[in-house]
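Peer 1:
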Amino acid sequence: MRIASWNVNSAKSRLDIIINWLKSDSCDVLLFQETKSQDENFPREAFSALGWHVAIHGQKSYNGVAIASRHPIHDVMCGLPCDDRDEQARYIEASIENVRVASIYLPNGNPAPGPKFDYKLQWMNRLNQRAAALLAREQPIILGGDFNVIPDDVDCYDPLGWEGDALTRPETRQAFRRLTHTGYCDALRARHPHEVIYTYWDYQAGAWQRDHGVRIDHLLLSPEAVDRLGAVGVDKAPRGLEKPSDHTPIWCDLHF
DNA sequence: ATGCCCCCGTCCCGGGGA
């Protein structure tokens, strides 16, 4: 089973690119983010026409997360626990076969410091609690998404230029490392320990052409998922298409 | 130091993104 994560920057604007990517057998499960679509306007039909299932958690204009799968999707949970007042659609979790997956769009947090950065850290705290609770299920779990975290300097084309940014601040990296200390594995680093691999290139200033990228999209695996882990990679091709998302998909294979 | 670019809404600007 190949599981991918992709921040598509609008499901509607990117629909043709997404559907073509699925049609070329790129994955079996797609966790995607920034759908920017209310549930009633989400282009479900394009996925069902392929025979795919879809679970969505959207809001107007901003954010929005979804899961698409060849296999049926069960036990969907929308939103992180522990804050009923949080209206931002950034988390959806579900079961596919015997795998528990979550599609995550973690807050950006800029400018930092400030209330948006505080929200990011609170959100990461809630994610950590949920992630720890999930481990008790002792099953393959994949937390995938746009984490808005640059884990290490090697994951950024210009670490000095990004110093102080919400994506690289020590508090952010520490909160991310708490997930790995709890027992989750950064799948890309498990297979490519030292390679420079990016998943996002800004639309501006020719960042793609100059390879000014950062690695902020991640797949975090429970030990039971790591036991079944095969190859892991980033598919750069969609970033080079016309009218692309600024992110490109990351994927991993689980063997059953 | 700032903006470059792109998406959304009931819309020709402003908020948000990273």
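The first sequence begins at -13 in our numbering and counts up by one. The C-beta atom is built at its ideal place from N, Cα and C for all residues, glycine as well.
Throw me the rounded Cβ distance for the Phe133 and Ile90 pair, which I believe falls under 8 Å.
Peer 2: Within the first sequence, the letter at position 147 stands for residue 133. Within the first sequence, the letter at position 104 stands for residue 90. Right, their Cβ atoms sit about 7 Å apart.
Peer 1: Assuming Ala41 and Val62 make a contact with CB atoms under 8 Å, what is their CB distance in whole Å?
Peer 2: Position 55 of the first sequence, counted from the start, is the residue given in the question as residue 41. Position 76 of the first sequence, counted from the start, is the residue given in the question as residue 62. Contact holds; Cβ gap of about 5 Å.
Peer 1: Which residues share a DSSP beta bridge with Gly219?
Peer 2: Position 233 of the first sequence holds residue 219. Answer is Trp237, bridged to Gly219.
Peer 1: Please list the terminal residues of the continuous alpha helix (DSSP H) segment that includes Trp109.
Peer 2: What you label residue 109 is simply residue 123 of the first sequence in a count that begins at 1. Looking at the DSSP string, the run of the alpha helix (DSSP H) that includes Trp109 is 101 to 121.
Peer 1: I'd like to know whether the C-beta atoms of Ala(-10) and Trp194 end up nearer to each other than 8 Å.
Peer 2: Along the first sequence, read from residue 1 onward, the residue named residue -10 stands at position 4. Along the first sequence, read from residue 1 onward, the residue named residue 194 stands at position 208. Contact: no.
Peer 1: Would you kindly check if the distance between the Cβ of Ile127 and the Cβ of Ser208 is under 8 Å?
Peer 2: Walking along the first sequence from the start, residue 208 turns up at place 222. Walking along the first sequence from the start, residue 127 turns up at place 141. Yes; because the gap between Cβ atoms is below 8 Å, this pair is in contact.
Peer 1: For Thr185, does the count of other Cβ atoms within 10 angstroms reach 16, so buried, or fall short, so exposed?
Peer 2: Here the question's residue 185 lines up with position 199 in the first sequence. Thr185 is buried by the Cβ-count criterion.
Peer 1: Roughly how many angstroms separate the alpha carbons of Ala35 and Arg56, rounded to a whole number?
Peer 2: Mapped onto the first sequence, residue 35 falls at position 49. Mapped onto the first sequence, residue 56 falls at position 70. Those two C-alpha atoms are separated by around 12 Å.
Peer 1: Quick check on DSSP: helix, strand or coil for Phe133?
Peer 2: Translated into the one-based positions of the first sequence, residue 133 becomes position 147. Annotated three-state conformation of Phe133 is coil, per DSSP.
Peer 1: Using C-beta distances below 6 Å, list every residue in its chain close to Ala54, excluding the 5 sequence neighbours before and after it, in chain order.
Peer 2: Indexing the first sequence from 1 puts residue 54 at position 68. If we look at Ala54 and ignore the five residues flanking it on each side, its Cβ neighbours are Leu16, Phe33, Trp38, Val40.
Peer 1: Alpha carbon to alpha carbon, how far is Asp141 from Leu206?
Peer 2: Residue numbering aside, residue 141 sits at position 155 when the first sequence is read from its first letter. Residue numbering aside, residue 206 sits at position 220 when the first sequence is read from its first letter. Rounded to the nearest angstrom, the two C-alpha atoms are 16 Å apart.
Peer 1: Nearest to Gly65 by alpha carbon, out of Arg76, Pro101, Arg71, Ile59?
Peer 2: As a position in the first sequence, residue 65 is number 79, starting the count at 1. When each option's Cα is compared against that of Gly65, the closest is Arg76.
Peer 1: Return the CA-CA distance between Asp172 and His204, expressed in angstroms with no decimal places.
Peer 2: To locate residue 172, count along the first sequence from 1; it is residue 186. To locate residue 204, count along the first sequence from 1; it is residue 218. About 7 Å.
Peer 1: Taking 6 Å as the limit between beta carbons, can you name the residues of its chain near His60, skipping five residues before and five after?
Peer 2: Within the first sequence, residue 60 is the residue found at index 74, counting from 1. Excluding residues within five positions, the ones whose Cβ falls inside 6 Å are Ser81.
Peer 1: What is the DSSP secondary structure of Trp7, counted as helix, strand or coil?
Peer 2: By 1-based counting over the first sequence, the position of residue 7 is 21. Looking at Trp7 - three-state DSSP - the assignment turns out to be helix.
Peer 1: Closest by CA to His43, which one among Glu26, Pro58, Glu31?
Peer 2: Stepping through the first sequence from its first residue, residue 43 is reached at position 57. The shortest Cα separation from His43 among Glu26, Pro58, Glu31 belongs to Glu26.
Peer 1: So Gln160 is in the alpha helix (DSSP H); what residue range does that whole segment cover?
Peer 2: Sequence index remark: in the first sequence, residue 160 carries index 174 (1-based). From DSSP, the alpha helix (DSSP H) with Gln160 extends over 156 to 168.
Peer 1: When the Cα of Asp69 is compared with those of Glu228, His241, Arg116, which residue comes out closest?
Peer 2: The count along the first sequence starts at 1 and reaches residue 69 at position 83. Minimum Cα distance to Asp69 is reached at Arg116.
Peer 1: Which value, in whole angstroms, describes the spacing of the CA atoms of Met(-13) and Asp239?
Peer 2: If you number the first sequence from 1, residue -13 lands on position 1. If you number the first sequence from 1, residue 239 lands on position 253. Approximately 6 Å between the Cα atoms of the pair.
Peer 1: Would you list the one or two residues that DSSP bridges to Trp(-8)?
Peer 2: For the purposes of this step, residue -8 is taken as the residue at position 6 of the first sequence. For Trp(-8), which the question treats as bridged, DSSP gives the partners Phe18.
Peer 1: Quick one: grab the DSSP three-state call for Leu92.
Peer 2: On the first sequence, residue 92 is found 106 positions in, with the first residue counted as 1. In the structure shown, Leu92 sits in coil (DSSP, three-state: anything other than H, G, I, E or B).
Peer 1: For Gly130, is the classification buried or exposed, using 16 other Cβ atoms within 10 angstroms of its Cβ as the cut-off for buried?
Peer 2: Here the question's residue 130 lines up with position 144 in the first sequence. When all chains shown are included, Gly130 counts as buried.
Peer 1: Under 7 Å Cβ to Cβ from Gly192, same chain only, skipping five residues before and after it: list those, please.
Peer 2: Your numbering for residue 192 matches position 206 in the first sequence. Closer than 7 Å at Cβ, skipping near neighbours: no residue.
Peer 1: Quick check: what's the CA-CA separation for Lys(-2) versus Pro93?
Peer 2: The sequence position of residue -2 within the first sequence is 12, counting from 1. The sequence position of residue 93 within the first sequence is 107, counting from 1. C-alpha separation (whole angstroms): 21 Å.
Peer 1: Opposite Gly199 in the DSSP bridges: which residues?
Peer 2: On the first sequence, position 213 is the one that residue 199 refers to. Residue pairing by DSSP places Gly199 opposite Trp187 in a beta bridge.
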